[in-house]
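Notes follow once the structure below has been shown.
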Amino acid sequence: MSRKKVLLDTDIGGDIDDALCLAYLLCQPACELVGITTVGGEVEKRAMVADAICRAAGRSIPVYAGADRQLLPSPLYPKPAGAARLSGWEHEAAFAKYQAADFMRRTIREHPHEISLLAVGHLTNIATLFLVDPEIPSLIKELNIMSGVFSEELEAELEMPMANWNAWLDPHACAIVYNADVPLIRTFGLNVTTKLVLRKEQADGWFETRLMKAVEDFGSPWLAKHDMTLHDPLAAACLFEPQLCEYQGGTVEVELMDERRLGSMTFHPSSGGRCEIAMAVNRDAFFEHYYAMVSGGKDEGSRG
Numbered sequence: 001m002s003r004k005k006v007l008l009d010t011d012i013g014g015d016i017d018d019a020l021c022l023a024y025l026l027c028q029p030a031c032e033l034v035g036i037t038t039v040g041g042e043v044e045k046r047a048m049v050a051d052a053i054c055r056a057a058g059r060s061i062p063v064y065a066g067a068d069r070q071l072l073p074s075p076l077y078p079k080p081a082g083a084a085r086l087s088g089w090e091h092e093a094a095f096a097k098y099q100a101a102d103f104m105r106r107t108i109r110e111h112p113h114e115i116s117l118l119a120v121g122h123l124t125n126i127a128t129l130f131l132v133d134p135e136i137p138s139l140i141k142e143l144n145i146m147s148g149v150f151s152e153e154l155e156a157e158l159e160m161p162m163a164n165w166n167a168w169l170d171p172h173a174c175a176i177v178y179n180a181d182v183p184l185i186r187t188f189g190l191n192v193t194t195k196l197v198l199r200k201e202q203a204d205g206w207f208e209t210r211l212m213k214a215v216e217d218f219g220s221p222w223l224a225k226h227d228m229t230l231h232d233p234l235a236a237a238c239l240f241e242p243q244l245c246e247y248q249g250g251t252v253e254v255e256l257m258d259e260r261r262l263g264s265m266t267f268h269p270s271s272g273g274r275c276e277i278a279m280a281v282n283r284d285a286f287f288e289h290y291y292a293m294v295s296g297g298k299d300e301g302s303r304g
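Put into structure tokens, the structure is as follows:
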């Protein structure tokens with residue numbers, strides 16, 4: 001079976017959905033996970049968390065720490081609370097920050113038009129990559145991004161624009177990525193991902209393998225205060241099962257001028273656009289698919 005080459009860019013170590021996303025990719029038999037890059041505040045520790053989860057699955061995946069701060073100066077410096085659990089898991093500790101863009105550039109140039117890029121954190125690493133090598137966007141097969149809201153009803157309810165975390169934290173990076181010449185950008189916003197909330201007690205049988213026990217452990221600081229919302233796993237699953245969502249084509253505009261709306265993303269529907277946003281998700285089909293992937297493998301991660 002031909003497998004899809006995937007590069008994951010993640011701010012793993014906080015919200016458990018990043019770890020759930022990584023577990024899915026490790027268990028998905030159609031996925032060749034060629035590398036992981038980390039972004040956003042103590043990136044070395046985030047790389048350690050990613051490496052530890054891979055090792056829990058019996059896998060050795062290249063992991064590179066990326067941008068520690070946003071493109072423009074910012075007082076925000078998010079830290080990975082889940083890193084407090086590192087002492088309980090085997091992991092590599094010798095990670096140097098700001099290596100992600102170089103790794104992604106080499107990998108994409110070695111496999112032109114073959115790499116599916118999955119971005120589930122803020123887009124500083126991806127924007128840096130596109131600025132360093134402007135030809136790279138055209139050499140990517142596809143780019144799936146978890147970002148945006150795309151719902152006036154949600155925008156009225158949520159604390160905006162901070163609720164749109166991945167765009168708001170580095171809006172200039174987000175604008176660079178959405179203006180790049182990528183053949184296909186699929187975006188999964190809160191308008192669909194907020195349909196995928198699950199309380200931990202509802203996740204019966206999810207955390208039984210060694211891999212998923214690691215995910216649970218690193219996500220425990222998050223789970224102590226929050227339910228699980230599977231934002232990032234949806235973006236990952238739709239690389240392989242795009243029919244889980246319905247899409248609309250068009251363009252995405254990122255707000256950079258109005259400080260009150262900084263990072264807000266506006267979708268403009270149009271025919272022939274290279275951007276698609278998810279408009280609806282089949283919740284039952286998604287959860288059935290996700291559970292089948294992460295619960296069906298052996299402890300040593302032999303599914304992929």
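Residue numbering for the sequence shown follows UniProt numbering, beginning at 1 and increasing consecutively.
Beta carbons are placed, not taken as given, at the ideal position from N, Cα and C, and that holds for glycine.
The structure presented is a predicted model; accordingly, all values stated were derived computationally and were not measured.
- Run the CB neighbour count on T266, radius 10 Å, all protein chains shown included, and call it buried at 16 or more, exposed below. exposed
- Give every residue of the same chain whose Cβ lies closer than 7 Å to the Cβ of G14, excluding the five residues on either side of it in the sequence, and list them in chain order. P78, P80, A81, G82 and W222
- Message: Threshold first: 4 residues or longer. Then list the alpha helix (DSSP H) segments lying entirely within the region 77-117, N to C.
- Response: 100-110
- Item | Beta-carbon proximity check, L196 vs L234, cutoff 8 Å | Yes, the pair counts as a contact, with Cβ atoms nearer than the cut-off.
- Report the option in N125, V120, T193 and M146 whose CA atom is closest to the CA atom of F103. A check of alpha carbon separations from F103 across N125, V120, T193 and M146 identifies N125 as the nearest.
- Straight-line Cα distance separating D11 from Q99: Cα to Cα, the separation comes out at about 15 Å.
- Beta-carbon spacing of G263, N164 below 8 Å: yes
- Query: Leaving out five residues before and five after M146 in sequence, what residues of the same chain have Cβ atoms less than 6 Å from its Cβ?
  - Reply: V120, F188, H231, D232 and A235
- Query: S270: which of Y247, A167 and A292 sits nearest, CA to CA?
  - Reply: Y247
- Query: Under three-state DSSP, which class holds D258?
  - Reply: coil
- Excluding sequence positions up to five away, which residues of its chain have a Cβ less than 6 Å from the Cβ of D299? At D299, the pLDDT of 38 sits below 50, so the modelled position is not reliable; the number obtained from the coordinates is stated separately. Counting only Cβ-Cβ distances below 6 Å, and skipping sequence neighbours, we find T209 and R210.
- Cβ-heavy atom distance, F218 to the ligand HEM, below 7 Å: The ligand content of the structure shown is nil, which means the ligand HEM is not present either.
- In this structure, what does DSSP give as the bridge partners for residue 311? For the chain, the structure presents residues 1 to 304; residue 311 sits outside this window and is missing.
- Item | Best match in C238, W168 and V192 for proximity to R261 [C-alpha to C-alpha] | W168
- Message: Helix, strand or coil, according to DSSP, for A67 in the structure here?
- Response: coil
- Item | Status (buried if at least 16 other CB within 10 Å, exposed otherwise) for P183 | exposed
- Query: In chain order, what residues of the same chain lie with their CB nearer than 6 Å to the CB of L63, ignoring the 5 residues before and after it?
  - Reply: The residue you asked about is not Leu; residue 63 is Val in the sequence shown. Within the same chain, V63 has close Cβ partners I36, A47, A50 and D51.
- Message: In this structure, how does DSSP classify R186 when only helix, strand and coil are distinguished?
- Response: strand
- Query: Count the other CB atoms within 10 Å of the CB of F286; is the residue buried (16 or more) or exposed (fewer)?
  - Reply: buried
- Item | Backbone CA spacing between K225 and E159 [nearest angstrom] | 18 Å
- Item | Residue of V294, E142, A203 and A93 minimising C-alpha distance to residue 322 | A query on residue 322 cannot be resolved here, the shown segment of the chain reaching from 1 to 304 and no further.
- Query: Name the DSSP bridge partner or partners of T10?
  - Reply: T10 pairs with T38.
- Query: Can you give the Cα-Cα distance for P273 and Y178, rounded to whole angstroms?
  - Reply: The displayed chain sequence assigns Gly, not Pro, to residue 273. Distance between the alpha carbons of G273 and Y178 is about 12 Å.
- Message: Check this for me: beta carbons of V215 and A23, under 8 Å apart or not?
- Response: yes
- Report the three-state DSSP secondary structure of S2 (helix, strand or coil). Secondary structure at S2: coil, using DSSP grouped into helix, strand and coil.
- Message: Which residue marks the beginning of the alpha helix (DSSP H) containing M160, and which one marks its end?
- Response: Run containing M160: none; DSSP gives neither H nor E here.
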